[in-house]
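Residue numbers (the numbering used here): 2 to 211.
Think of the CB as a built atom: it goes at the ideal place given N, C-alpha and C, for glycine as much as any other residue.
Owing to the predicted nature of the structure, the values given are computational and were not obtained by experimental measurement.
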Amino acid sequence: RIVYSNYSTTMDLKTAIAPLGSPETAMIASAVRQLASYYQVPSWVPGVMSDSNIADAQAAHEKTLTGLKSASSGANIIIGMGGLAAGLIFDPIQLTIDNEIVRMIKYLQSDIIVNSSTLALDVIHEIGHTGDYLSHATTFQNMKTSSRAELIDRHNNEIWKNNGSHTIFQRSAEKTHDLMQSYKPENLHPDIDAKIKDIMEQAEIESNHR
């Protein structure tokens, strides 16, 4: 099987480095996706990338920038989660933040659903322009499809301060620690495990015959 991939960017003329969190990286990835579509093979491109050396605002900006462009282009595989310093550093806390970023990017790829339920014209006629929509069952049902933030804080300033004034890095660090302490990986299904072993054995046989 073939996966079409390209890991390219431009050169930053000020630093003479190849920035992976730049808009050009995202634009090249999008072009690679189009080439993969032309050749009718899956695409593997960089996205959710950052040149920042720490999990900060720069990292969040660059990862959203590159991830959103790659996802919007329709890339099949996008790599970069957890990476910093152009992929030279892997940070578990950044990986937790990236999980939130990717969830939001994936949500953006969905369409606005327009049907009788979401328009709720019958409810509008029933309640009118002075009634209470918040407590109506249709409102509760449709709100289930809204985006949900786990690490991104949407409280007002007063509540945020009362909760400890924590940054997204602090919240992510706490969640990462909890995950690392409590996570227990699930065993692979026996059929999948056997298939992986067959692939590895076949690869070893082919390697020995070269």
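Pairing N7 with L96, the inter-Cα distance amounts to about 23 angstroms. For I55, the secondary structure class from DSSP, reduced to helix, strand or coil, is coil. In the structure shown, L85 falls within a strand segment according to DSSP collapsed to helix, strand and coil. The C-alpha of F170 is placed about 22 angstroms away from the C-alpha of Y108. A residue is called buried when at least 16 other Cβ atoms come within 10 angstroms of its Cβ; I79 meets this threshold and is buried. When DSSP reads this structure, D13 sits in a beta bridge with I18. Pairing D52 with I29 gives a Cβ-Cβ distance that is not under 9 angstroms.
Annotated as proximal: T139 and V124, with beta-carbon spacing under 9 angstroms. Per DSSP, reduced to three states, the secondary structure at V46 is strand. Buried is the label assigned to S74, since at least 16 other Cβ atoms lie within 10 Å of its Cβ. In this structure, P24 sits away from D13, with a CB-CB distance that is not shorter than 9 angstroms. Spatial neighbours of T65 in its own chain (CB-CB distance under 6 angstroms, excluding positions within 5 residues in sequence) are listed in chain order as I102.
For the set I94, D99, S117, E151, the Cα lying nearest the Cα of M181 is the one of I94.
Within its own chain, the residues whose Cβ lies closer than 7 angstroms to the Cβ of Y134, once the five positions on either side in sequence are excluded, are I128, T140, listed in chain order. The residues G48, I79, I106, K107, L109, Q110, in chain order, have a CB closer than 8 angstroms to that of A72 in the same chain once the five nearest residues on each side in sequence are set aside. Look at Y5 here: in three-state DSSP terms it is strand.
Between I90 and A61 a beta carbon distance of about 15 angstroms is seen, past the 8 angstroms cut, so the two are scored as non-contacting.
Separation of M201 and V46 (C-alpha to C-alpha, rounded to the nearest whole angstrom) is 25 angstroms. Per the coordinates, the alpha-carbon of G88 lies some 13 angstroms from the alpha-carbon of S9. Between the alpha carbons of N188 and D194 lies a distance of about 9 angstroms. Between the alpha carbons of H156 and K185 lies a gap of roughly 32 angstroms.
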